[in-house]
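The next block holds one structure in the form of structure tokens; read it before the comments.
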């Protein structure tokens, strides 16, 4: 019985720390620490804003109008659209903006997002690279708020608050709760050292810190984040740099997306991409924020097994067992009923369980499959402008055949990797 006691308390303690203790600690730090208030630099650095695109004809015009209207010195900003093997009108539409200074790279054939980013970075003239998705619309001051931090030479990259317009999705309640917790963690981590990972929808990085990505890279933004940290620079979160994008409309698409993310996690682990041993603070954050959560399914299985074996050993073990059964039962009920899924508790149970099942599938695929750099996009249109406050060896690189038909959330859907969900 000693083995089961040890298993129970190790699993319970690890889950309590990773899911409650560490987020709570970061929340306290974020509340008590002084906000970072960078002064506007006398000379704004030049910025190359890079938009990787594959079949983005529905959103590319709105995206370019959005970035050309940013509150940033026009003579310090150049825009590059890197079309990676687009077969629609993406290149034609983007080319209409050449008179306004937009550079268009028509890369053929489709080789993958990482290859497109490498090509655009090689063409970039700016001291700072702004990497963003085609369906993410910035508030006018978003770029300026991120770039202002580069007046501090210790800061190498800044990520913003990309808000998901998911009100019409069928799992919105759980996703919103998860994001709320994640942003608090990022803010707390940024108060001392670095946050672990950017939001790939919108972030800026010093040009000299960007390193070319391997063509088969799945999590380009996460790998770029870790490389910045490994070079000794800070990566911080700026909550006032706000952008908006459409969320994944259905839980089935979210399930596929999260499988892809976890496959990319294994890829980054195989490549040895984590903070250096000489960076103990960042190692601790990486373990607490990422690795322990990636291993969440292991702790959950061990906890369930130990709870079953110890159910007659005391009241605490009986409570633990029946609480787990009730939680997963609620998740199953939420799967069958969207009404339950829209409640706070039902939504969180559903999203938590969905995420961990996807995590298992993604980790297995990452170990046994050979990823490809080729990407697919779902049809989508842009969200409202955020101007006011308010084929593969394994199917690991996007939606499987037959799953990429357009759905409707504010008129569209999208498939992209959001690193802060890892």
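Residue numbers (the working numbering): 3 to 424. The C-beta atom is built at its ideal place from N, Cα and C for all residues, glycine as well.
- The three-state reading of DSSP puts residue 136 in coil, since its state is none of H, G, I, E or B.
- Taking a cut-off of 8 Å on C-beta distances, the stretch 146 to 166 touches the stretch 199 to 216, as three or more cross pairs fall below it.
- The beta carbon of residue 96 is closer than 6 Å to those of 62, 83 and 106 in its chain, skipping five residues each way along the sequence.
- Under a 10 Å Cβ-count criterion, residue 112 is classified as buried, with 16 or more other Cβ atoms of the shown protein chains found around its own Cβ.
- Taking each of 215, 197 and 264 in turn and checking the Cα distance to residue 236, the smallest one comes out for 197.
- When C-alpha distances from residue 25 are compared across 145, 288 and 79, the shortest belongs to 288.
- In this structure, the alpha-carbon of residue 363 lies about 12 Å from that of residue 266.
- Non-local C-beta neighbours of residue 73 in its own chain, meaning closer than 7 Å and more than five positions away in sequence, comprise 142, 143 and 146, ordered along the chain.
- Residue 253 places its beta carbon 9 Å or farther from that of residue 365.
- If you draw a straight line from the Cα of residue 46 to the Cα of residue 80, it comes to about 13 Å.
- Comparing alpha-carbon positions, the option among 149, 22 and 133 lying closest to residue 55 turns out to be 133.
- Residue 219: not part of any beta strand (DSSP E); DSSP gives it neither H nor E.
- In this structure, residue 268 keeps its C-beta atom at 9 Å or more from the C-beta atom of residue 356.
- Contact check for residue 227 and residue 200: beta-carbon distance about 5 Å, within the 8 Å limit, so the pair qualifies.
- Judged by their CB atoms, residue 349 and residue 179 are nearer to each other than the 9 Å cut-off.
- For residue 24, the enclosing alpha helix (DSSP H) starts and ends at 24 to 34.
- Between the alpha carbons of residue 333 and residue 341 lies a gap of roughly 12 Å.
- In the structure shown, residue 54 adopts extended strand secondary structure according to DSSP, grouped into three states.
- Distance from the CA atom of residue 110 to the CA atom of residue 98, rounded to whole angstroms, is 20 Å.
- Counting the other CB atoms within 10 Å of its CB gives residue 224 a total of 16 or more, which places it among the buried residues.
- About 7 Å separates the CB atoms of residue 232 and residue 277; that is less than 8 Å, so the two are in contact.
- The straight-line gap separating the alpha-carbon atoms of residue 154 and residue 27 is approximately 26 Å.
- The Cβ-Cβ distance between residue 246 and residue 165 falls below 9 Å.
- Considering only 307, 78, 6 and 66, the residue with the shortest C-alpha distance to residue 127 is 78.
- As DSSP reads the structure, residue 308 sits in no beta bridge.
- Between the alpha carbons of residue 129 and residue 6 lies a gap of roughly 56 Å.
- Our two residues, residue 150 and residue 41, have alpha carbons roughly 7 Å apart in a direct line.
- The shortest C-alpha to C-alpha distance from residue 195 to any of 238, 221, 187 and 216 is the one to 238.
- For residue 70, there is no enclosing beta strand (DSSP E); the residue is part of the alpha helix (DSSP H) that begins and ends at 62 to 70.
- DSSP places residue 282 in the uninterrupted alpha helix (DSSP H) bounded by 282 to 287.
- Within the DSSP bridge table, the entry for residue 80 names 50 as partners.
- Residue burial is scored here from C-beta neighbours: residue 87 has at least 16 other C-beta atoms within 10 angstroms and is therefore classed as buried.
- Runs of the alpha helix (DSSP H) spanning 4 or more residues and lying entirely within the stretch 197 to 247 occur at 222 to 232, in chain order.
- For residue 260, the uninterrupted alpha helix (DSSP H) run begins and ends at 253 to 272, by DSSP.
- Inclusion of residue 270 and residue 221 in the CB contact set at 9 Å is warranted, their separation being smaller than that value.
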